Amino acid sequence: MKNKFLLSIAIFFLIFCFIVLFKSLNNSNVYVPESTLNKPLINFNSQDLFSTIKISSDQIFADSEFYILNIWASWCLPCRNEHPYLMEFNKNSSIKLIGLNYKDNPDNAKKFINKFGNPYSVNIVDSNGTISIKLGAYGVPETFLINKERKILKKIIGPLNEKLVKEINLIIK
Amino acid sequence: MKIKFYFLILLVILNFKSLYAIEPNNEILKNKILKNIRCLICQGQSVYDSQSDFAISMKLVIDQKINEGLSENEIYNYLKGQYGQWISYDPEFNKKTFILWGLPILLFVTGGVIVFRKLIVIK
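Line by line, the protein sequences give chains A and B. Going by the working numbering, the first sequence opens with residue 1, and the numbers climb by one from there. Going by the working numbering, the second sequence opens with residue 1001, and the numbers climb by one from there.
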C-alpha cells in the first residue's frame, strides 16, 4: 500500500516535470522585465551618424507624440528583415524614428542606409554599446516605443514582425 | 661588489611595492561584480567569463558606475532595475523566489528528521 502510494507520487512528479519542461521548450528565454516598462528614458549624449555633430537625448526627444527607438547595425541580418516595417512606420507623422547604430563601422552603416532606405529622423551612434546597456537592451535588433513624456511603453527584443507592428499601432491609436 | 649586492637587494625590496598596483581596489570590486552578473545573451556564463558584445559593453558600464562612486549594492540594484532579477546570480528572497530559497532548507530538515528517527530506532 505504502509502496503504491510512493510510486504514484514519483510518477506524478515525473509527469509534472515533463509538462513543465515541455511547455518551456517553446518559450523564449529572453524576457522583458516589467520594471523597465513605464520607466522614464535615461539621458544620454551621442553623435549623429551622418553629420558627426554631438547630440543629446533632450534634443532628440523633443517634438513628437511618439518615438520609436530602434537599435540596429549593418552587420545584423535580422535588422535587414525588419527594415521594411520601419520604413512603413516612417509614413506615420505622429511617430519619430530614432536609429541607434550599435557597434558598427560608420561607412558600412551609411552603405546600409543608402541601400535599404533611411526610415530614421535621427541616427545616432553607440560605438561601444554603453548607451544600449544603459537603456536596458540586449543587443540588435531591439525596438522601444516611447511616448512624449519619454516613458517606455513597449520594448521589443529581436526583429519586428507583423504581429508586433500591429501591437505598436494599437498602442499608438 | 658588496655595495652592488646591497643595492640590488634594496632595489628588489623597493619593487615589492609595485606588486600592489597589479590589481587596485576598483579592479577587485569590478571583478567581483562581473562574476555575480549573468551574461543575458550567453546564458550559463557570467559577464566576467564572456566575450560577447553584451558582456564587453556591460564591463564598460560597470567600470563607469564604479568611477561615478556607486557602491556594489547600488550597481546591482541599477542593473536589476534595467534587466530584472535574472541578471543577478544571487536572487532576492521574495514571493517569486521563496520556493528556491526554502526548498533546500525544507529538504535538509526533512532529511535530518528521517536520519534522526532511524538513529533512535537503531538504538
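Backbone N, C-alpha and C fix where the C-beta goes; we use that ideal spot for every residue, glycine too. Note that the coordinates shown come from a computational prediction; the quantities given were computed from them, not determined experimentally.
Query, Result
"Residues within the region 1054-1069 of chain B neighbouring chain A, beta-carbon criterion of under 8 Å", "Phe1054, Ile1056, Ser1057, Met1058, Leu1060, Val1061, Gln1064"
"Interface flag, Thr130 (chain A) vs chain B, CB-CB below 8 Å", "yes"
"Beta carbon of Ile53 (chain A) nearer than 8 Å to that of Ser46 (chain A)", "no"
"Residue from B:Phe1007, B:Phe1016, B:Glu1074, B:Leu1119 whose Cα sits closest to the Cα of Lys1030 (chain B)", "B:Glu1074"
"Extent of the continuous beta strand (DSSP E) run through Gly99 (chain A)", "95-102"
"Residue of B:Leu1014, B:Asn1015, B:Pro1091 minimising C-alpha distance to Arg1038 (chain B)", "B:Pro1091"
"Three-state class that DSSP yields for Ile1041 (chain B) in the structure shown", "coil"
"Short-range partners of chain B found in the region 128-159 of chain A, where Cβ spacing is below 7 Å", "Asn128, Gly129, Thr130, Ser132, Ile133, Lys134, Gly136, Tyr138, Gly139"
"Beta-carbon separation (whole angstroms), Val125 (chain A) vs Asn108 (chain A), contact threshold 8 Å", "That belief does not hold up - the Cβ atoms of Val125 (chain A) and Asn108 (chain A) are roughly 12 Å apart, past 8 Å."
"The beta strand (DSSP E) enclosing Leu153 (chain A), as first and last residue numbers", "152-157"
"Leu1107 (chain B): contacting residues in chain A (beta-carbon distance under 8 Å)", "Residues of chain A passing the Cβ test: none, with the nearest at roughly 14 Å."
"Counted within 10 angstroms of its Cβ, other Cβ atoms place Asp63 (chain A) as buried (16 or more) or exposed", "exposed"
"Buried or exposed (CB count within 10 angstroms, at least 16 for buried), Glu178 (chain A)", "Absent from the model: residue 178 (chain A). The displayed extent of chain A is 1 to 173, so no value can be given."
"C-beta neighbour in chain A for Gln1082 (chain B), strict 8 Å", "yes"
"Member of B:Leu1100, B:Ser1088, B:Cys1042 whose CA lies at the smallest distance from the CA of Ile1056 (chain B)", "B:Cys1042"
"CB contact below 8 Å: Lys103 (chain A) versus chain B", "yes"
"Ile1041 (chain B) at chain A interface by Cβ criterion, 8 Å", "yes"
"Backbone secondary structure at Lys1095 (chain B) - three-state DSSP", "coil"
"Length at least 3, wholly inside the region 42-85 of chain A: the beta strand (DSSP E) runs in chain order", "45-47, 54-56, 66-72"
"Assigned exposure category for Val1047 (chain B) - 16 Cβ within 10 Å defines buried", "buried"
"Closest Cα partner of Lys111 (chain A) within the set A:Arg80, A:Leu97, A:Phe89, A:Ser93", "A:Arg80"
"Contact check, Leu97 (chain A) vs Pro78 (chain A), beta carbons under 8 Å", "no"
"Chain E contact for Ile1033 (chain B) (CB, 8 Å cutoff)", "In the structure shown, chain E does not exist; the protein chains are A and B."
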